[in-house]
Amino acid sequence: MFLNIFLNEIKYWFNRPAFYIYAVVFFMLGMLISAASAGIFDALTLTTGSSKIVNSPIGVLTAFAAPASILIFFYPSIIGSTISRDYESEIHTILYSYPFSKFQYLSAKFLSGFFIVNLVILAIFIAVSIGFILPGTNQEIVNPFDLKSYLDAYFIVILPNLFLYSSIIFGVVTFTRNVYVGFISVIIIVIIEALLEGLFSNPDNRFIAALFDPSGLSASNYYTRYWTVSEQNELYLPLGELVIYNRLINIAFGSFVLLSIYKIFSFSQNAFTFSFNKKDSKRLTKTNFGGITKINLPKLNLDFSIKNDLKKLWNLSNFDFQYIIRNWSFIIIVILALLFNLIGLSELGNVFGTPTYPRTWKMLQAGATFTLFINVSTFLFASNLLHRSRNSNINQLIDTTPTPNWIFLGSKFIAIVKMQLVLLSLVMISGILFQT
Numbered sequence: 006m007f008l009n010i011f012l013n014e015i016k017y018w019f020n021r022p023a024f025y026i027y028a029v030v031f032f033m034l035g036m037l038i039s040a041a042s043a044g045i046f047d048a049l050t051l052t053t054g055s056s057k058i059v060n061s062p063i064g065v066l067t068a069f070a071a072p073a074s075i076l077i078f079f080y081p082s083i084i085g086s087t088i089s090r091d092y093e094s095e096i097h098t099i100l101y102s103y104p105f106s107k108f109q110y111l112s113a114k115f116l117s118g119f120f121i122v123n124l125v126i127l128a129i130f131i132a133v134s135i136g137f138i139l140p141g142t143n144q145e146i147v148n149p150f151d152l153k154s155y156l157d158a159y160f161i162v163i164l165p166n167l168f169l170y171s172s173i174i175f176g177v178v179t180f181t182r183n184v185y186v187g188f189i190s191v192i193i194i195v196i197i198e199a200l201l202e203g204l205f206s207n208p209d210n211r212f213i214a215a216l217f218d219p220s221g222l223s224a225s226n227y228y229t230r231y232w233t234v235s236e237q238n239e240l241y242l243p244l245g246e247l248v249i250y251n252r253l254i255n256i257a258f259g260s261f262v263l264l265s266i267y268k269i270f271s272f273s274q275n276a277f278t279f280s281f282n283k284k285d286s287k288r289l290t291k292t293n294f295g296g297i298t299k300i301n302l303p304k305l306n307l308d309f310s311i312k313n314d315l316k317k318l319w320n321l322s323n324f325d326f327q328y329i330i331r332n333w334s335f336i337i338i339v340i341l342a343l344l345f346n347l348i349g350l351s352e353l354g355n356v357f358g359t360p361t362y363p364r365t366w367k368m369l370q371a372g373a374t375f376t377l378f379i380n381v382s383t384f385l386f387a388s389n390l391l392h393r394s395r396n397s398n399i400n401q402l403i404d405t406t407p408t409p410n411w412i413f414l415g416s417k418f419i420a421i422v423k424m425q426l427v428l429l430s431l432v433m434i435s436g437i438l439f440q441t
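The sequence shown begins at 6 in my numbering and counts up by one.
This is the structure we're talking about:
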């Protein structure tokens, strides 16, 4: 049954246009990055040549790292959807009646998504190698094709990272049955990586950063930091003790996550949900069965004036704004943003270990890191608000109301602006509190 489930998932992805779109987009992205590093745009940007070989082992890793860091945002829709799709289509009740074990089901679902992601990475692999030799590139800084450079980048850096991130996202989507929550987990992973990078930015903490950095780049950088240009052009990626320990930590943690998924998962379980609101378990008993009750319906005065439309616009914006600030993803983003900003404020006043006064311009400079969180929240909730009614299957009911479209769209826009004002006010408040 493992092979049947695995091949069925692979066949599903091969029949979907999304797989080919992902492959083509990342193929073009990888080719563009490698071609740009090889000087294909030098005539337009008036840049000068360099003595560094762009397709050296370090150069190949750099070209790989950029598209791979973007590909992580597509893990939920590829790896997570392999199992969430069974619940969304409500086929799981029939599927779970088949004679397969929990191990066969989970392993087939995970490995099929893992295989599809590796095919997209293979497209990046081919694109990067082609981009270095495109017509118009500077062949003086391009060495002949070296397969070992690409294999080192894949097996030392890309594959362990893919295994770690895939296991986490697969576990989140498995227990929540929601790809959207998987996307939130990706954002949290990216923010945690940036947070760890800020914590270990001090030169005294480079050893700890090299050991626990999830991406593994700090471990490689620990050995290559002081390499000469000649060494960067000729030497392969280092496989020192820190690199090995870092990769083993990634693999061990990913294996622990998968083992936990196997232990906790049950075919009869419900999706995990989080809520602060306690549901009232009291039973409601109706008492109006004795006869016909006469009800006086209120008289309605319809008002389609611009004043009433503006009032509805504001009320709907408040409704959408409350939905945003009560959303778990927004709360998590705010908490991580405040922690990240606090660390930035604490490190900003130290110039090579010398403390300085927390002037206002420094507080604003530290608050610039909030831009990432504001942009992420804007893109996330703008799309969420637009498709909220459709996801709840009440869009047809809303479309029957005598309300202009500009009110619905305008209320969502105002709600997003309110959210941005809240985040900007947090920057100001955190800076003031730090100064005091």
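Cβ atoms here follow ideal geometry from the backbone N, Cα and C, with glycine treated the same way.
Legend entry - Secondary structure, beta strand (DSSP E): runs of 3+ residues fully inside the stretch 187-212: none
Legend entry - Beta-carbon proximity list for T52, same chain, < 6 Å, skipping 5 on both sides: Here the question's residue 52 lines up with position 47 in the sequence shown. Because the pLDDT at T52 is just 46, under 50, the model does not fix this residue reliably, and the value given afterwards should be weighed accordingly. So the list is empty, once near-sequence residues are dropped.
Inset, instruction - Over the uninterrupted alpha helix (DSSP H) stretch that includes L377, give me the two end residues. - result: Taking the sequence shown and counting its residues from 1, one reaches residue 377 at position 372. Note, L377: alpha helix (DSSP H), F375 to L391.
Inset, instruction - Would you identify the three-state DSSP class for N20, choosing helix, strand or coil? - result: Here residue 20 is taken as the residue at index 15 of the sequence shown, counted from 1. N20 falls in the coil class under three-state DSSP.
Legend entry - Residue of G85, N410, D157 and A387 minimising C-alpha distance to T179: The residue you call residue 179 lines up with position 174 of the sequence shown. Ranking the options by Cα distance to T179, first place goes to G85.
Legend entry - Which listed residue (K16, A68, V195 and I129) has its alpha carbon closest to that of G492: Since the displayed the chain opens at 6 and closes at 441, residue 492 lies outside it and no answer follows.
Legend entry - Environment of M433 [buried if 16+ CB atoms lie within 10 Å]: By 1-based counting over the sequence shown, the position of residue 433 is 428. Exposed, since its Cβ has fewer than 16 Cβ neighbours within 10 Å.
Inset, instruction - Pair every Cβ in the stretch 156-170 with every Cβ in the stretch 73-84, then say whether three or more of these pairs are closer than 8 Å. - result: yes
Inset, instruction - Could you tell me how far apart the beta carbons of T229 and P243 are, in whole angstroms, since I believe they sit closer than 8 Å? - result: Mapped onto the sequence shown, residue 229 falls at position 224. Mapped onto the sequence shown, residue 243 falls at position 238. The pair is a contact, with the Cβ atoms about 6 Å apart (cut-off 8 Å).
Inset, instruction - At 4 residues or longer, and completely inside the stretch 59-101: list those alpha helix (DSSP H) runs for me, N to C. - result: 62-76, 86-93 and 97-100
Legend entry - Exposed unless 16 or more other CB atoms sit within 10 angstroms - verdict on W333: As a position in the sequence shown, residue 333 is number 328, starting the count at 1. Under this definition W333 is an exposed residue.
Inset, instruction - Find the nearest neighbour of F11 within the set I121, P219 and M36, judged by alpha-carbon distance. - result: Indexing the sequence shown from 1 puts residue 11 at position 6. It is I121 whose Cα lies nearest to the Cα of F11.
Legend entry - Reference I194, options R182, A420, A128 and D218, closest by Cα: Residue numbering aside, residue 194 sits at position 189 when the sequence shown is read from its first letter. Checking every option, the nearest Cα to that of I194 belongs to D218.
Inset, instruction - Kindly indicate which three-state DSSP category G221 falls into: helix, strand or coil? - result: Position 216 of the sequence shown holds residue 221. Three-state DSSP puts G221 in coil, outside helix and strand.
Inset, instruction - Go through its chain and collect everything with a Cβ distance to F378's Cβ below 7 Å, but skip five positions before and after it. - result: Locating residue 378 in the sequence shown gives position 373, where the first residue counts as 1. Result list for F378: I338, A342 and L428, in chain order.
Inset, instruction - Check whether the stretch 24-43 touches the stretch 65-73, taking contact to mean three or more Cβ pairs, one atom from each stretch, closer than 8 Å. - result: yes
Legend entry - Neighbourhood of G44 by C-beta distance below 6 Å, restricted to the same chain and skipping five residues each side: What you label residue 44 is simply residue 39 of the sequence shown in a count that begins at 1. Correct list, in chain order: T142 and N143.
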